[in-house]
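Read the structure below first, then the notes.
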Amino acid sequence: MSADENRPLRFDVLTLFPEVFEPFLRASMPGIARQKGLVSYHLHDIREYSLEKHHKVDDRPYGGGPGMVLRCGPVFRCYEAVRAMAEPAGRLIMLTPQGKRFNQDMARDLSRSQRALLLCGHYEGFDERIRQGLPVEEVSVGDYVLSGGEAAAMVVLDATVRLVPGVLGHEDATSLDSFAEGLLEHPQYTRPPEFRGMSVPEVLLSGDHARIQQWRRRLAEERTRARRADLLQHESEETETSDEQTE
Ligand code: ADE
1 MSADENRPLR FDVLTLFPEV FEPFLRASMP GIARQKGLVS YHLHDIREYS LEKHHKVDDR
61 PYGGGPGMVL RCGPVFRCYE AVRAMAEPAG RLIMLTPQGK RFNQDMARDL SRSQRALLLC
121 GHYEGFDERI RQGLPVEEVS VGDYVLSGGE AAAMVVLDAT VRLVPGVLGH EDATSLDSFA
181 EGLLEHPQYT RPPEFRGMSV PEVLLSGDHA RIQQWRRRLA EERTRARRAD LLQHESEETE
241 TSDEQTE
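Counting from 1, one number per residue, gives the positions in the sequence shown under the numbering used here.
In structure tokens:
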């Protein structure tokens, strides 16, 4: 579904640590996007949905083992309450190392939606029935284990927000980003033209726009080949697929 032009993209964050999001959401792009009225953020403390004394939300794993598991009750109740606070239902993204690896395409997709609910776990993980009983899309930000989903949710939110139309002053900037074209970004320079014996490549000072574009493309390709040949592999697969479709 494409975003209603006039409606801000709404983020609901379901977390045990809402306070860690506050400074992040005030600063930089997430802050600018909110000031411009293009997004809104709503933080929800899962602990408030616990019916236990001291708002306990975790418990020992059945079958034994180390650590604690996030219980179903508080998460289901929190989701149901938050879901009912606005329309549309939106997508429920569960941050977990077991999820689909987050990438630029997923960020772009999300930036075109109207609402995203980001569910952050903690401890050893979620009770499996949260996966079974709620309409979660599991997302991982990389092959490492964080102590909680909060940092991962910030990654997803930041990458998404900067793609919402109107957030960046310079709309072109996102189409030139690393990954936008499946390539890493070319090297960038700014003043001064010479610093500690290192100079800016002459072509960038030439004012010859066509030459500059060629140089940038070549450097982006070289850098991608050297550092992330896997991205070029995907690109050629995609080209093959779209060729097939036009035949
Ligand atoms: N929670 C813990 N580790 C994570 C990861 N790598 N991605 C998303 N959520 C996580």
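Virtual Cβ for every residue (Gly too), placed ideally from N, Cα, C.
Rounded Cβ spacing between residue i and residue j (contact assumed at less than 8 Å)
i	j	result
Thr96	Gly64	With 8 Å as the limit, Thr96 and Gly64 do not qualify as a contact, their Cβ atoms being about 22 Å apart.
Pro66	Tyr49	Incorrect: roughly 26 Å between the Cβ atoms, too far for contact.
Ser40	Arg83	Not a contact, Cβ separation roughly 16 Å.
Leu70	Leu92	Contact flag wrong, Cβ pair sits at about 15 Å.
Thr160	Ala107	5 Å
Leu163	Ser206	Actually they do not touch by this definition, with Cβ atoms about 32 Å apart.
His55	Leu14	Rounded, the Cβ-Cβ distance is 15 Å, inconsistent with contact.
Glu138	Gln98	6 Å
Asp158	Pro30	6 Å
Span of the alpha helix (DSSP H) around residue i
i	result
Asp109	Gln104 to Ser111
Pro18	Note, Pro18: premise wrong, no alpha helix (DSSP H); not H, not E.
Ala81	Cys72 to Arg83
Ala86	Per DSSP, Ala86 belongs to no alpha helix (DSSP H) and is neither H nor E.
His209	His209 to Arg227
Pro30	Ser28 to Gln35
Given residue i as reference, the closest of the options once Cα atoms are compared
i	options	result
Leu168	Leu146, Gln104, Tyr123 and Lys36	Lys36
Val155	Leu9, Pro8, Leu25 and Asn6	Leu25
His186	Arg47, Ala220 and Lys53	Ala220
Gly142	Gln132, Ala153 and Pro18	Ala153
Arg47	Pro193, Pro18, Arg7 and Pro30	Pro18
Arg228	Arg211, Met198, Leu184 and Val200	Leu184
Ser140	Ile130, Gln132 and Ala151	Ala151
Phe179	Gln104, Pro201, His54 and Glu138	Gln104
Gln213	Glu52, Glu87, Gln188 and Leu38	Gln188
Pro192	Glu181, Gly182 and Leu204	Leu204
Met94	Val136, Gln233 and Glu124	Val136
Thr257	Val200, Met85, Asp208 and Gly182	Nothing about residue 257 can be reported from this structure: the residues present for the chain run from 1 to 247 only.
Beta-carbon gap between residue i and residue j smaller than 9 Å
i	j	result
Arg115	Gly90	yes
Phe195	Leu134	no
Val57	Leu16	yes
Asp12	Cys72	no
Range covered by the beta strand (DSSP E) that runs through residue i
i	result
Ser40	Val39 to Asp45
For the stretch 100 to 164, list the alpha helix (DSSP H) runs that are entirely contained and at least 4 residues long, ordered along the chain.
If we require 4 residues or more, the alpha helix (DSSP H) runs fully inside the stretch 100 to 164 come out as 104 to 111, 128 to 133 and 150 to 161.
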